[in-house]
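Trainee:
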Amino acid sequence: LFERITAKVAAGQWEPVGGMWVEADMNLPSGESLARQIVHGQRWFESRFGRRCTEVWIPDVFGYPAGMPQLYAAGGMHRFVTQKLSWNTTHRFPHHTFWWEGLDGTRVLTHFPPVDTYNAELTPGECVRSVQRFQDSAWSDWSLMPFGHGDGGGGPTREMLERARRMADVDGAPRVSIGTPSEFFEHVEREAFDGAPVPVWRGELYFETHRGTLTSQLRTKVGNRRCERLLREVELWSATLGRPAEVDHLWQQVLTQQFHDIIPGSSIAWVHDDAEQAHGTVTDALKRRLVELFDELVPETPHVANAAGVDRDEVIEFEDSPPMRVQVPANAIAALAAVPADDRVVTSESSMSNHHLAVRWDTTGALTSVIDVAHARELVPEGERAAVLELAPDRPVRYDAWDLESWTPGLGRELLEPTAVELLDDGPLVGRVRITHRFGPSSAAVTYTMRAGSPRLDIGVAFDWQHDEHLLSIAFPLDVRADSAACDIQFGHVKRPTHPSNSWENAKFEVCAHRYVDIGEPDFGVAVLNDGRYGHGLFDGRVRVSLARAARYPDPDADRGEHAVNLALLPHGAGLSEVVAEAERFNHPLKLVAGAAVTPAPPPVVTLTGDGVEIDAIKPADDDPGDLIVRLHEAIGNRTRITVACDRPLEAASRCNLLEEPQSGFEVGDGICALTVHPFELVTLRLSVTPGARHQV
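So the mapping is simple: the numbering used here equals the position in the sequence shown, first residue as 1, plus 16.
1. From this set, 676, 702 and 706, which residue's C-alpha is nearest residue 92's C-alpha?
2. If you run the structure through DSSP and keep just helix, strand and coil, what is residue 21?
3. Below 8 Å on the Cβ atoms is my guess for residue 236 versus residue 301; work out the distance and round it to an integer in Å.
4. What number of angstroms, rounded off, separates the C-alpha of residue 145 from the C-alpha of residue 462?
5. Rounded to the nearest angstrom, how far is the Cβ of residue 588 from that of residue 595, given a contact under 8 Å?
6. Where does residue 303 land, buried or exposed, given buried means 16+ other C-beta within 10 angstroms?
7. Can you name the start and end residues of the beta strand (DSSP E) that residue 581 belongs to?
8. When you compare each of 102, 70 and 110 to residue 94 by their alpha carbons, which one comes out closest?
9. Looking only at its chain, what residues have a beta carbon closer than 7 Å to the beta carbon of residue 137, apart from the 5 residues adjacent to it on each side?
10. Is the stretch 609-619 touching the stretch 340-353, taking contact as three or more C-beta pairs under 8 Å?
11. Three-state secondary structure (DSSP) at residue 31?
12. Where does residue 313 fall in DSSP's three states?
13. Given 8 Å as the limit, is there contact between the stretch 111-120 and the stretch 210-224, that is, 3 or more CB pairs closer than that?
14. State yes or no: is the C-beta of residue 563 within less than 8 Å of the C-beta of residue 459?
15. Helix, strand or coil for residue 428 per DSSP?
16. Give the single residue among 61, 130, 115 and 246 whose Cα lies nearest to the Cα of residue 207.
17. Pick helix, strand or coil for residue 636, following the three-state DSSP scheme.
18. Quick one, are the C-beta atoms of residue 533 and residue 543 less than 8 Å apart?
19. Considering only the beta carbon of each residue, do residue 633 and residue 249 sit closer than 8 Å?
20. Could you say which of 134, 469 and 457 lies nearest to residue 103 if we only look at CA atoms?
21. When the Cα of residue 503 is compared with those of 649, 165, 526 and 185, which residue comes out closest?
22. Is it right to say residue 368 is buried, meaning 16 or more other beta carbons lie within 10 angstroms of its own, or is it exposed?
23. Measure the alpha-carbon distance for residue 279 versus residue 41 and round it to whole angstroms.
24. Report buried or exposed for residue 711, applying the criterion of at least 16 other Cβ atoms within 10 angstroms of its Cβ.
25. Return the residue from the list 308, 355, 583 and 450 that minimises the CA-CA distance to residue 328.
26. Do residue 644 and residue 672 have their C-beta atoms within less than 8 Å of each other?
27. Specify whether the stretch 636-655 and the stretch 358-367 touch according to this definition: at least 3 beta carbon pairs, one from each stretch, less than 8 Å apart.
28. Identify every run of the beta strand (DSSP E) within the stretch 110-142, keeping only runs that are complete inside it and at least 3 residues long; order them along the chain.
29. Report buried or exposed for residue 97, applying the criterion of at least 16 other Cβ atoms within 10 angstroms of its Cβ.
30. Shortest alpha-carbon distance to residue 614 belongs to which of 35, 314 and 53?
31. In the DSSP assignment, what are the bridge partners of residue 630?
32. So what does DSSP say about residue 511, is it helix, strand or coil?
33. Pick from 600, 468 and 427: whose alpha carbon is nearest that of residue 507?
34. Is there contact between the stretch 179-189 and the stretch 470-479, where contact requires at least three CB pairs shorter than 8 Å?
35. Measure the alpha-carbon distance for residue 639 versus residue 19 and round it to whole angstroms.
36. If you reduce the DSSP assignment to three classes, tell me which class residue 595 lands in.
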């Protein structure tokens with residue numbers, strides 16, 4: 017079969033497009049996952065067909081984040097095709113052919129076929145309506161029509177091809193020709209380069225429906241994020257040892273589950289059972305690999321491993337040991353040693369405080385006051401309660417697992433009758449209170465945790481979810497005045513409206529955010545962090561986090577059972593640099609490790625200096641494990657001068673594409689690579705180091 021396919025490609029009968037491992041969802045996978053979708057996809061196409069794709073072809077995906085244009089371009093694709101935004105329920109997107117400009121300014125030529133389907137049958141009526149709908153006919157004479165039985169497979173029929181032949185040149189009808197996406201884009205590029213006024217759309221391509229896919233099938237989503245984290249750790253510690261990570265096959269299993277009807281939660285039960293099993297298999301394999309790596313990296317005595325790209329100074333808790341304050345550099349392993357605490361948690365039956373925060377709750381268990389001591393600011397508006405669970409009936413009009421309606425959160429009732437409010441830990445290093453709820457067939461426990469020296473209040477939510485067709489969420493009203501909120505996405509953040517002043521803003525009643533949502537004034541802000549949720553509401557002066565749905569179709573038992581997620585409230589000063597760093601810490605907990613090494617744990621393999629710049633991956637180069645690949649991005653919208661140093665002599669450094677192929681070199685001085693990173697820029701560095709030699713950085 018594959019030989020026949022290859023022959024058809026060589027003969028020009030089949031055209032490889034897409035350039036990705038699968039037609040992945042764009043909202044939910046991490047930035048590094050989407051980079052690997054392109055890396056593994058392009059290498060597969062090249063290994064089978066002798067060429068890479070120049071078009072991103074993802075017609076059925078549920079929205080497109082603002083960081084994608086530069087990612088596509090870094091993978092060798094400057095053209096993009098989708099059809100899905102024709103499904104918008106509020107607005108008709110104003111263009112069919114345009115430049116899509118991403119966060120960093122990169123542009124890709126984008127086309128939405130005006131036929132408004134990826135299953136066209138090439139009828140005369142479809143062709144006429146396509147021309148009538150085409151919103152860019154003033155400057156372009158070309159559009160695409162994806163035809164054939166597509167969504168379930170099958171392809172074009174003889175009848176469709178015959179209709180195309182007959183409509184090639186008919187008076188009064190659109191001219192039709194069979195061609196490839198590449199040929200189509202060549203026509204449009206000629207128009208653009210001849211001076212045609214090609215419109216530019218800047219920022220995300222928000223999809224005005226299917227918002228429920230940000231929350232449906234929690235186990236699939238949480239399993240994906242867990243695997244993403246473990247893959248990053250294995251690659252980091254493999255690079256530290258200077259040997260291949262050998263995880264490509266595991267990456268490919270995770271990438272497969274990011275297909276746009278799997279990770280969004282819109283598949284039948286068998287699919288999600290398979291996805292959870294795949295995530296479990298990958299998790300077990302990666303944990304075994306970590307044990308092997310730590311055996312070589314770490315002596316027998318207890319150590320703490322920090323896979324985050326930021327330094328740590330925090331109170332930690334491990335099983336069967338008291339809390340202690342530890343310090344660990346970024347991307348490093350340090351001997352477990354308690355550092356004297358310079359702060360303490362003071363508790364009462366209804367309050368907790370440290371040097372950073374003063375928190376109070378009432379008899380319902382809800383937060384009535386959270387004061388940022390340094391800024392003398394109250395986070396909770398007067399008369400409001402925060403960290404309140406809300407339960408709402410959730411019955412979408414059309415697509416159960418896919419959709420969330422605008423009115424659903426407003427139907428919610430607050431859960432304010434706890435069965436218990438218990439103080440579990442009373443300091444001095446950790447304070448903890450647990451509030452338990454029983455509501456119908458379901459139950460939940462909300463736990464507030466404050467640690468000495470920490471500027472954030474951690475909020476754990478563990479629940480046994482047995483409802484049908486309901487939405488469970490948690491709400492945080494915040495006394496911060498801002499017209500927009502910063503939402504964490506792949507390779508940066510986007511601003512989303514906090515009030516529906518017009519129909520475009522009103523349509524964004526549920527939006528995607530990865531690790532944080534931040535609402536800020538010029539000198540003060542509050543972030544809501546999470547380690548496993550994506551759907552958020554930002555209206556009415558509050559941040560609402562969607563915790564669980566209970567769709568009945570296509571999986572009648574979706575999400576029933578036990579779940580847990582960790583959230584946090586983080587007040588902060590001006591800007592987002594502190595938020596980005598704390599979100600990184602929150603999503604990469606410290607690990608207690610021990611091994612069998614006879615030498616001390618090595619220093620960090622890579623050290624990055626520069627505020628607001630995040631490391632996405634540190635890994636051995638795929639074609640030479642002696643070289644290091646460091647992928648990073650500027651996360652807060654600033655132009656920043658950074659330095660990158662290694663734990664061994666640095667001989668050369670170059671900027672690469674996603675496939676680790678050098679594009680341009682950097683000067684290296686004193687073993688350090690210095691460069692300026694532009695706002696929201698994605699950079700892949702290839703560092704050539706002296707094998708075997710190490711020095712402290």
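Where is the CB? At the ideal position from N, CA and C, for every residue including glycine.
Mentor: In short, the structure shows the following:
1. 676
2. Three-state DSSP puts residue 21 in a helix.
3. At roughly 18 Å, the Cβ-Cβ gap does not stay under 8 Å, so residue 236 and residue 301 are not in contact.
4. 54 Å
5. Here residue 588 really is in contact with residue 595; their C-beta atoms are around 6 Å apart, less than 8 Å.
6. exposed
7. Here the beta strand (DSSP E) through residue 581 covers 577-588.
8. 70
9. 163 and 176
10. Yes, the stretch 609-619 touches the stretch 340-353.
11. coil
12. helix
13. yes
14. no
15. coil
16. With distances taken between CA atoms, residue 207 lies nearest to 115 out of 61, 130, 115 and 246.
17. strand
18. yes
19. no
20. 134
21. 526
22. buried
23. C-alpha separation (whole angstroms): 7 Å.
24. Because the pLDDT of residue 711 is 44, which lies under 50, any placement of that residue in the model is unreliable, and the number read from its coordinates should be weighed accordingly. Residue 711 should be labelled exposed.
25. Of the listed residues, the one whose Cα sits closest to residue 328 is 355.
26. no
27. no
28. 113-117 and 123-127
29. buried
30. 314
31. Residue 630 pairs with 649.
32. strand
33. 600
34. No, the stretch 179-189 does not touch the stretch 470-479.
35. 27 Å
36. helix
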